[in-house]
Structures are given as structure tokens and as C-alpha cells.
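Just so you know, we're using our numbering here: the first sequence kicks off at 1 and counts up by one.
To start, the structure itself, in C-alpha cells.
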Amino acid sequence: MERIENGIKETVIHAIFHLYGEQVSADLLLVQKTRREFSGDFTLIVFPLLKISRKSAEETADAIGHYCVSNNSYLKSYNAIKGFLNISVSQEYWFNFLFSELQREDYGTLPVSANSPKVMIEFSSPNTNKPLHLGHIRNNLLGFSISRITEACGNRVRKVNLVNDRGIHICKSMIAWKLFGNGETPGQSNMKGDHLVGKYYVEYEKVYRRQVSELIEKGADPEQAAEQAPILLQAREMLRKWEADDPETRELWERMNHWVYEGFNVTYKRLGVDFDKIYYESETYKLGKELVLKGLREGILVQKEDGSVWADLCNDGLDTKLLLRSDGTSVYMTQDVGTAHQRYAEFEFDQHIYVVGNEQNYHFQVLKLVLKKLGFDWADRLYHLSYGMVELPEGKMKSREGTVVDADDLLDEMEKTARQMSEELGKLEEYGEEQKEVIYRQIGLGALKYYILKVDPKKNMTFNPNESIDFNGNTGPFIQYSYARIQSVLRKASETGDRNIIMNLNDKEVYLIRMIYEFPEIISESASTLNPSLIANFLFDLSREFNQFYHDFSILSAESHELVVLRTHLAKAVGNVLKSGMGLLGIEVPERM
RNA sequence: GGUUCCGUAGCUCAGUUGGAUAGAGCAACAGCCUUCUAAGCUGUGGGUCGCGCGUUCGAAUCGCGCCGGAAUCACCA
1 MERIENGIKE
11 TVIHAIFHLY
21 GEQVSADLLL
31 VQKTRREFSG
41 DFTLIVFPLL
51 KISRKSAEET
61 ADAIGHYCVS
71 NNSYLKSYNA
81 IKGFLNISVS
91 QEYWFNFLFS
101 ELQREDYGTL
111 PVSANSPKVM
121 IEFSSPNTNK
131 PLHLGHIRNN
141 LLGFSISRIT
151 EACGNRVRKV
161 NLVNDRGIHI
171 CKSMIAWKLF
181 GNGETPGQSN
191 MKGDHLVGKY
201 YVEYEKVYRR
211 QVSELIEKGA
221 DPEQAAEQAP
231 ILLQAREMLR
241 KWEADDPETR
251 ELWERMNHWV
261 YEGFNVTYKR
271 LGVDFDKIYY
281 ESETYKLGKE
291 LVLKGLREGI
301 LVQKEDGSVW
311 ADLCNDGLDT
321 KLLLRSDGTS
331 VYMTQDVGTA
341 HQRYAEFEFD
351 QHIYVVGNEQ
361 NYHFQVLKLV
371 LKKLGFDWAD
381 RLYHLSYGMV
391 ELPEGKMKSR
401 EGTVVDADDL
411 LDEMEKTARQ
421 MSEELGKLEE
431 YGEEQKEVIY
441 RQIGLGALKY
451 YILKVDPKKN
461 MTFNPNESID
471 FNGNTGPFIQ
481 YSYARIQSVL
491 RKASETGDRN
501 IIMNLNDKEV
511 YLIRMIYEFP
521 EIISESASTL
531 NPSLIANFLF
541 DLSREFNQFY
551 HDFSILSAES
561 HELVVLRTHL
571 AKAVGNVLKS
581 GMGLLGIEVP
591 ERM
């Protein structure tokens with residue numbers, strides 16, 4: 001679609017050549033949306049042009065404005081205030097735009113073809129020793145939304161998850177289960193598998209702390225005690241056995257991880273996220289080793305006397321980084337080097353986005369550098385979407401103090417509140433129980449997702465439970481409600497009518513069309529900055545604007561038949577954008593609420 | 001201490017390559033439903049944009065220096 005701003009710039013370039021005899025480049029020209037208080041649609045800032053015109057700001061703006069209006073058919077009028085040239089686009093233009101482009105359901109998105117760029121997006125990446133919590137929710141929602149947005153910009157997207165299924169953390173749950181579990185299974189206890197495994201992780205911590213303090217009471221040095229608690233030694237022994245492929249340990253490991261996956265799948269499903277491929281660290285953790293050894297042979301990496309292998313990144317302003325332990329085993333970095341290599345071999349991505357918290361900024365800086373040093377030029381295609389921590393009003397979540405917000409509990413809570421609220425309002429009475437449940441879920445989830453996605457990913461955010469279940473103001477349900485109201489109107493409207501009559505659009509109508517006109521740019525901006533909050537805030541503004549319009553003007557009882565047709569199409573266009581915008585956030589919109 | 005990020009209304013947040021008088025929501029108070037869904041709309045109060053200096057026609061935005069906060073700097077992941 002041809003952007004009006006570009007047309008204006010082109011005309012202005014001609015104007016300047018015509019008026020002042022100088023050829024200017026388009027990037028000297030700044031065209032933006034005209035602010036609400038002034039009349040006009042687009043504003044050219046003329047200050048940078050004064051050196052060329054050698055006239056006052058107002059004179060220059062006036063001359064350029066005059067030229068634009070007489071030489072560009074869809075530019076209708078202008079006004080010049082100081083150095084701001086406000087230009088109005090003709091009503092015919094907006095009218096035609098509304099009845100063509102804006103009626104498409106896929107308005108704002110680009111098609112994906114076999115030649116489209118390939119983008120791999122890793123998100124979620126949980127450990128398997130405990131259930132998902134609020135921090136994971138932010139990760140999953142961001143990852144999923146970024147995937148949708150990236151796809152809407154015409155990329156082939158592959159969503160991947162890297163499950164951290166091995167290591168000392170799962171051994172801790174395993175040893176606690178073995179010692180105190182009496183064979184407890186999720187089925188017996190009627191507990192989600194991930195919660196059951198998490199329960200034993202907590203149990204481990206309890207026992208461990210008790211043992212440490214017992215050792216200290218007996219006179220042990222605190223640091224030594226922390227290292228020598230019997231249950232820790234048992235967990236380590238279990239990890240050793242795991243690495244040695246001990247059948248019994250492996251069997252227990254498989255069993256407990258399986259419980260966890262069943263639990264995770266339930267949560268993923270409720271959250272509405274999914275993956276194209278799941279990688280397991282137990283299968284990938286050795287992959288980098290060969291690449292590292294090859295790098296060592298080629299002299300890119302260095303080996304210490306004890307046999308450990310390091311990357312020297314001092315010349316890049318970083319430190320040295322361990323890649324293989326002295327016993328030859330891999331560390332996390334090694335694993336990520338191998339995984340990236342494997343993924344490139346499989347998918348040949350043009351871009352690989354890692355949705356991982358900002359506590360790993362350093363890790364990804366190092367990862368890119370190491371890959372680069374090893375000679376992989378695609379290392380430049382890796383991008384770490386570093387998002388901020390989620391905190392509670394009282395401060396950080398601490399598992400030790402039991403302040404961690406569990407994902408399943410939170411989802412239950414949101415749904416419960418949505419149900420209460422809906423029942424109070426009593427607007428769904430004609431619906432069956434099943435349909436009602438669907439809507440409660442949509443609203444509860446919509447509130448949670450929107451609450452988290454409306455803030456800039458890179459910033460830390462405060463999760464206030466009271467605010468998150470608020471359904472008024474800048475919230476998901478507010479946008480859902482706006483959509484539902486539009487659908488209600490559309491159900492009552494008849495589609496017929498003459499679309500070719502041009503009439504005077506009122507300010508609010510033009511403003512709404514202008515806002516929707518922005519949508520494609522909002523999407524591409526949010527894709528290039530990997531920031532769904534731009535879309536969230538846009539949808540809120542659009543909803544607010546529509547609600548005002550809805551309040552001030554009647555759609556179905558407008559003064560003339562033509563006006564009814566116009567406003568019906570406008571409402572439909574707004575509805576389309578709300579629905580597809582929410583879709584990009586991974587949020588569903590109900591037809592009624 | 002080094003590196004990176006952040007500091008905008010009482011609270012939660014917008015403010016994209018520097019542009020006109022810095023905006024929303026929540027909370028408080030006051031109004032609007034015989035009219036398309038009041039989960040809505042309207043109004044009132046609320047700010048030295050952490051502080052200072054600089055760059056220029058113009059700075060919340062860019063640069064430098066402070067102050068305050070976060071993350072990270074493991075033979076952890």
C-alpha cells in the first residue's frame with residue numbers, strides 16, 4: 001500500500017526544487033501525524049528547510065503548502081503555524097481507503113511465501129524441577145506474541161523451546177522423591193505432575209537447610225556445611241550416575257520428567273502457546289564439544305594446564321570464558337554453541353531470536369562472540385530479546401519466602417474473577433454453560449496477557465495482582481469489550497447500501513480512519529523493535545477513540561442511509577483491527593461479553 | 001570496581017530517527033443509562049520529565065558528569 005507520507009515527501013521535494021531550485025533528499029523531510037489540537041492530517045516540519053528557502057518559517061511553510069495542494073490531487077488544504085505545515089488529505093481519499101483496504105480482514109499483515117525470510121524464535125525454556133511461574137508467563141507471552149508479529153510481517157517463523165531437563169536441579173527433586181516420596185505419583189495424589197515434582201524440590205530445600213544448620217550447630221564452618229550436607233552429596237551422586245547412564249537413575253529421571261511435561265503441556269495449552277519443535281538439553285548438551293575441540297586445534301581457543309578450554313575475549317572488552325571443564329564436560333555455553341550450530345544446519349535461519357531474561361545479557365554477548373570466533377558468520381543473525389524481571393509490589397519473588405506466583409494458580413484466579421464479574425453483569429444469560437466458560441477464559445486470559453504485554457519488554461515490571469484483574473481502563477477486557485460491542489452492532493446491521501456516495505466525514509470519523517491507517521506501521525515497528533507493547537497501546541488508544549465515537553454518534557440510527565453504511569463499515573474496520581491486533585498479542589476476542 | 005539497562009503525576013505505564021501547551025489508566029471527587037452492550041462516556045484536581053552542565057532555532061528524547069535502583073561479571077544454568 002502506498003503510504004501517504006511518502007507521497008507528501010515526493011511532492012515537497014518537487015515544491016522545493018520548483019520554489020528554491022534545490023534538490024533535497026527525502027530524509028531531510030520530517031512528516032508526522034498532525035497533533036489533535038490542530039487541523040490537518042499530516043505535518044511537515046519546515047525548520048530544517050529554512051537554510052534552503054532563506055525565508056521565514058511561516059513564509060516557507062505557506063509556499064510549500066500552496067504548491068502541495070495545487071499539485072497533488074489528494075492533498076486538499078493546509079495551514080501554516082510557525083514552522084509547522086499542516087496538510088489535510090481529501091475526504092475522498094479517506095472514504096475510498098475505508099471502503100477498500102480497510103475492509104480486508106488481513107489488513108496490515110504481509111503474506112508469507114516460500115521465499116520469505118526464516119526466523120527462529122526460542123522461548124519458554126523451562127527447568128524441569130518445578131512448575132512454571134509468573135516469570136515464565138512473561139517469557140511465554142512475549143515469545144508467542146513476537147512470533148505472531150514476526151509472521152505478520154511476512155516471515156517464516158519457527159517457534160522452538162529448549163527444555164533444561166538435566167542437571168543438579170532435577171536430581172534434587174529426584175533424590176527427595178526417592179527418600180521421602182513413598183512412590184507417590186500424580187495420579188494417586190491428584191496433582192499436576194510439575195507440581196508434584198516441584199513439591200519434592202521444595203522438600204529437598206527444606207531438608208538441605210535443616211542439615212546445614214545441624215552441621216553448623218555441631219561446629220562446622222558454614223561454608224563447609226553448605227557443601228557437605230548429606231542430601232546435597234546424594235543429589236550429586238545421582239547426577240554422576242545419570243551422566244554414567246545408570247539405568248535405575250535414568251529410569252527415575254525419565255519418569256519424573258515425564259510427569260513434568262504432562263503438567264507443562266496443560267499450562268501451555270491454557271496459556272495458548274505452542275512450539276514447532278522442542279529441544280531437550282539432555283540431547284544437545286554435548287553438541288558443542290566437537291566445535292570447541294576443533295576451535296582448539298585451530299588455535300582459536302586456548303587450553304590451560306589442567307585441560308580446561310577457554311575463549312579469550314579480552315580484546316573484545318570481555319573476560320575469558322570457560323567452554324570445557326578440566327574433566328572434559330560441557331558447560332551451558334558449550335551446549336548453546338552446539339545447539340545454535342545444529343539449528344542453523346537444520347533451518348538456515350535469517351534471524352534467530354532468543355527470548356531470555358536480562359540476567360543472561362552477558363551470556364548472549366559471549367555466545368555471539370564465541371560463534372564468530374569459531375568462524376560462523378551467521379552469529380550476527382542471533383538476537384537476544386532481553387526482557388526485564390517481573391517483580392511484585394513487595395519486591396522480588398523469592399521461592400524461599402513463598403512469594404513466587406504460580407502460573408496455574410494465577411490462571412485459575414484470573415478465570416474466577418472473570419466469571420464473578422460476568423455473572424454480576426449478567427450479559428451472558430442466553431449462553432449455555434460451555435459457551436460461558438469459553439468467554440470467562442478469554443476474558444481472564446485477556447486481562448492477564450494484556451497486563452503483561454502492555455509494558456515495554458526490556459523494562460522490569462511490577463505485577464500488581466489487584467491491578468492485573470482489573471477489567472476497566474487500560475486493560476485487555478476493555479479492548480475485548482469494545483470489540484464485542486462492535487460485533488453486537490454489526491449483527492443488527494444490514495450490509496446493503498450505496499458505497500459510492502462521498503459525504504462530509506466528521507472529525508471523529510476521519511480520526512478513526514487515520515488511526516487505522518497507522519496500524520501497518522505499528523506492526524512493522526513492533527516487529528523491528530521486538531516490542532508487542534506498541535501494538536497493545538495502539539489497540540487501547542483505538543478502543544478509546546471508538547468508544548467515544550460510539551457514545552457521541554449513532555451508527556444504526558444515523559441521519560441518512562449513506563451515513564449508516566459508512567459508519568457500519570467504519571465499525572467493522574475497527575473491529576477487524578482490534579481482532580487482528582489482539583491476535584498478534586495472542587489474545588482472543590469474544591463476540592459478546 | 002568493570003559492563004549493560006532503568007529513573008516521567010500518589011501508584012502502574014505511554015511518549016520510535018530531537019519538534020507545537022509532556023499524555024493515558026488506576027486511585028479520589030462530581031456528573032451521564034425509556035436511545036446500537038454503562039466491562040462505557042464526560043469533567044475536576046495532580047509534574048523542577050532524578051540532578052547539573054553542554055550541543056541548537058528547539059531537549060523527557062542527543063553528549064558529558066554526578067545521584068539513586070536493577071542485572072551480570074562461576075569448572076551454575
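Just so you know, even glycine gets a beta-carbon here, dropped at the ideal spot from N, CA and C.
Please read these numbers as outputs of a predicted model, since none were measured by experiment.
Run of the alpha helix (DSSP H) containing residue i, from where it starts to where it stops
i    : result
I216 : G193 to E217
F42  : Note, F42: premise wrong, no alpha helix (DSSP H); beta strand (DSSP E) at F42 to I45.
R567 : H561 to L584
Q224 : P222 to Q228
R343 : Y332 to F347
H558 : Looking at the sequence shown, residue 558 is not His but Ala. Unbroken run through A558: none, as it is neither H nor E.
L28  : First-last for L28: undefined, no H or E at that position.
E10  : I4 to Y20
N474 : Neither: N474 is in no alpha helix (DSSP H) and is coded neither H nor E.
Minimum C-alpha distance to residue i - residue among the options
i    : options                   : result
R343 : C68, K55 and E122         : E122
M389 : D319, Y383 and M397       : M397
G40  : G586, K572, T568 and R514 : R514
Q211 : I300, K33, L296 and P230  : P230
G295 : D312, T284, D306 and F47  : D312
F471 : A447, P457, K321 and T462 : A447
V163 : I216, H66, E283 and G65   : E283
P126 : D245, I170, V337 and F95  : I170
G597 : M120, G65, G198 and W259  : Any question about residue 597 goes unanswered here, given that the chain covers just 1 to 593.
L570 : R3, F47, R104 and E22     : R104
A484 : N531, E433, K572 and E562 : K572
E254 : S399, S90, Q32 and N129   : N129
A57  : R36, F84 and V564         : F84
P520 : L534, E509, Y511 and V510 : L534
K436 : R297, E591, A527 and N358 : E591
A176 : L425, E184, E203 and T185 : E203
E424 : L179, Y440, E413 and N358 : Y440
E305 : D319, N315 and G328       : G328
Neighbour-count burial assignment, residue i, 16 or more Cβ in a 10 Å radius
i    : result
A345 : exposed
H18  : exposed
T403 : exposed
Y279 : buried
Y450 : buried
R158 : buried
M503 : exposed
D27  : exposed
Q420 : exposed
S113 : exposed
D507 : exposed
H551 : exposed
P222 : exposed
E92  : exposed
G432 : exposed
H136 : buried
DSSP bridge partner residues for residue i (one or two, in chain order)
i    : result
R156 : K118
G357 : Y387
W310 : V302 and L322
N127 : N164
H352 : M120 and L382
T462 : E391
H133 : D406
Continuous beta strand (DSSP E) stretch holding residue i: start and end
i    : result
Q188 : From DSSP, Q188 is part of no beta strand (DSSP E) but of the alpha helix (DSSP H) over P186 to S189.
Q32  : V31 to K33
What are the start and end residues of each continuous alpha helix (DSSP H) run of 4 or more residues lying completely inside the stretch 387 to 453, in chain order?
407 to 425 and 433 to 453
Can you list, in chain order, the stretches of the alpha helix (DSSP H) that have 4 or more residues and sit fully within the stretch 49 to 120?
Entirely contained in the stretch 49 to 120, the alpha helix (DSSP H) runs reaching 4 residues are, in chain order, 50 to 53, 57 to 71 and 91 to 99.
Going along the chain, which unbroken runs of the alpha helix (DSSP H) with 4 or more residues stay wholly within the stretch 235 to 310?
247 to 271, 281 to 284 and 288 to 297
Contiguous alpha helix (DSSP H) assignments of at least 4 residues, all confined to the stretch 486 to 550
507 to 528
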